[in-house]
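Sequential numbering of the sequence shown, starting at 19, is according to this note's numbering.
Every residue gets a Cβ at the ideal spot worked out from N, C-alpha and C, and that includes glycine.
Computed from a prediction, not measured in an experiment: that's the story for all the values here.
One structure is given below, encoded as C-alpha cells.
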Amino acid sequence: MAATNSNSENVQKPSFETFQLFSSTASGFGIFDDPAQQAPSIPPPPCVEVLPSEVHSSVKHSVESVNLDGITLLKGRVNTQQVFGLSNSDLVPGKYEGGLKLWEGSLDLIKALRCDIKSGLISFGGKRVLELGCGHGLPGIFALFVGAAAVHFQDFNAEVLRCLTIPNLNSNLSNKSHPLSSNFTNCDKIDVRFYAGDWNEVDKLLPYVATHVEDNQNAGYDFILMAETVYSINSLQNLYNLIKKCLRHPDGTLYFAAKKYYFGVGGGTRRFLSVVEKDGVMASSLVAEITDGSSNVREVWRLKPKVCNG
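Given below as C-alpha cells:
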C-alpha cells in the first residue's frame, strides 16, 4: 500500500499501447511461483452484505476536504484503535488490511478517471461500478457524482464499511458544496450496496455476477475500480480471478492505481500485470505515472478484455 498523500503529481496523457512485461514463457514471480514459499493462510472473515443502517454510531467519524484539481470530496477519519483495537500504524494480514487509511492511489485514480472522461474515452453515465478494497470509497463516490447508475463497494472488513465507507459516502452526498450533491440525499435511496469479505468468496454475494451461462450477456460491472490493492503477492491471483468474474464482457474496463513496487511485501503493479499477462485474456494500458520525488513511483493502469478476431 501507499503511505502519504501528495499534492504535486505529474499525470501523463492516456495511452492505449499494450504493455508487454514478460515473454509468454516467463513466469515473472521467481520464488513466489513455488507454493512452498507462500506464507500460511489465515481464515478470512465471513462474506456479508453490510446495510447502510448498520453504521456504528459509537465510532467518532470526522471529515476533511480533499481538493482534486477543482473537485472537492470529503474524506473521513476514524481511529484504528477504537475500531480494531490496533494502533494507527498496524496492518494485520487476515484481520485488518489498512482500510481505514486514505491511500494516495485513490486520489491518483480519481485524477486519471477525470482525465479520461474529459478526453471522451469513457463515460460513467448509467453504468454499473464496483470498487474493490474501497476503504474511504472516494473513487466510487466520484463515479456516483459523474452519473453511474449503480456503485457497489467492497472491502475486506465489514467494520471498515460500517465505520468509514458508509459515513463517508453520506457526508459526500450531503455536501452542498459539490455541484451534483443535490441529486443525492441518502445512500438508501440510490443503487449503492456494500459487501465485506475475501476476494476468493465475495463474488457469490455480488448481484451483477453471472451465476448461469445464460446470464453472461447482461452480467458484470461496466467499471471496476481499485486503488492500492496489489501490495501482497499472496492475494494477486485471487484478486485477478475475482475481476474476471465481475467484469462485463466484452466492454468492461478495470482501472487500478498502485505503487510500481511495494518494497518489503513484494507486490506492485508489475507483479499484478505479470499475472494478467500469463492469463492472456486482457490487454493493459498505462494511463498515468506519478513521480513526485517524495515516494515510490505510482501508476494508474487500464485493463480491458482482449477482442477476439475471427
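Straight-line gap, residue 268 to residue 299 (C-alpha atoms, nearest Å): 11 Å
Entirely within the segment 142 to 214 and at least 3 residues each: give me those beta strand (DSSP E) ranges in chain order. 146 to 150, 168 to 173 and 210 to 214
Going by Cα to Cα distance, which pick from 164, 62 and 79 is closest to residue 135? 164
With DSSP run on the structure shown, which of helix, strand or coil describes residue 219? coil
Going by DSSP, what residue range makes up the beta strand (DSSP E) through residue 320? Segment 316 to 323, the beta strand (DSSP E) holding residue 320.
Cβ-based neighbour list, residue 173, same chain, cut-off 7 Å, excluding 5 preceding and 5 following: Excluding residues up to 5 positions away in sequence, 117, 151, 152, 153, 179, 183 and 214 lie with their Cβ nearer than 7 Å to the Cβ of residue 173 in the same chain.
Taking only the alpha-carbon atoms, compute the straight-line gap between residue 156 and residue 292 and give it to the nearest angstrom. 27 Å
What is the C-beta distance between residue 273 and residue 131, in whole angstroms, given that I count them as a contact (C-beta under 8 Å)? That belief holds up - the Cβ atoms of residue 273 and residue 131 are roughly 6 Å apart, short of 8 Å.
Could you compute how far the alpha carbon of residue 70 sits from the alpha carbon of residue 212? 8 Å
Per DSSP, which residues does residue 242 bridge with? Please list them. 148 and 272
Residue 149 and residue 158 - do their beta-carbons sit closer together than 9 Å? yes
Applying the criterion that 16 or more other CB atoms from any shown protein chain within 10 Å of the CB defines a buried residue, is residue 122 buried or exposed? Under this definition residue 122 is a buried residue.
Measuring only the C-alpha atoms, how far is residue 175 from residue 63? Each residue's Cα considered, the two are about 7 Å apart.
Using only alpha-carbon positions, find the residue among 219, 89 and 146 that is nearest to residue 66. 219
Proximity of residue 147 and residue 239 at Cβ, strictly below 9 Å: yes
Where residue 324 and residue 74 are concerned, what is the direct C-alpha to C-alpha distance, given to the nearest angstrom? 43 Å
Contacting residues, own chain, Cβ-Cβ under 6 Å from residue 275 (five flanking each side not counted): 123, 126, 127, 245 and 318
Distance cutoff 9 Å, beta carbons only. Does residue 123 sit that close to anything in chain C? This model lacks chain C altogether; it includes just one protein chain.
Can you tell me which of the three DSSP states residue 256 falls into? helix
Rounding to the nearest angstrom, what Cα-Cα distance links residue 281 and residue 254 in this structure? 16 Å
For residue 94, which of 86, 160 and 120 has the nearest alpha-carbon? 120
Alpha carbon to alpha carbon, how far is residue 161 from residue 72? Give it in angstroms, no decimals. Put simply, the backbone Cα of residue 72 is about 23 Å away from that of residue 161.
If you count every other CB in all the chains shown that lies within 10 Å of the CB of residue 264, and 16 or more means buried, which is it? buried
Within this structure, are the beta carbons of residue 315 and residue 302 separated by less than 9 Å? no
Considering only residues of the same chain and omitting the five flanking positions on each side of residue 81, which have a CB-CB separation below 8 Å? Within the same chain, residue 81 has close Cβ partners 92, 93, 94, 95, 186 and 189.
Can you grab the Cα-Cα spacing for the pair residue 225 / residue 287, in whole Å? Taking the straight line joining both Cα atoms gives about 28 Å.
Whole-angstrom C-beta distance between residue 241 and residue 145, which should lie under 8 Å: Rounded, the Cβ-Cβ distance is 6 Å, consistent with contact.
Could you tell me the alpha carbon to alpha carbon distance between residue 289 and residue 228, rounded to whole angstroms? 28 Å
If residue 167 and residue 209 are in contact, beta carbons under 8 Å, what's the gap, nearest whole angstrom? 6 Å
Counting only the same chain and skipping the five closest in sequence on each side, list residues whose C-beta sits under 6 Å from that of residue 256. Counting only residues of its own chain and dropping the five nearest sequence neighbours on each side, residue 256 has a CB closer than 6 Å to the CB of 217 and 218.
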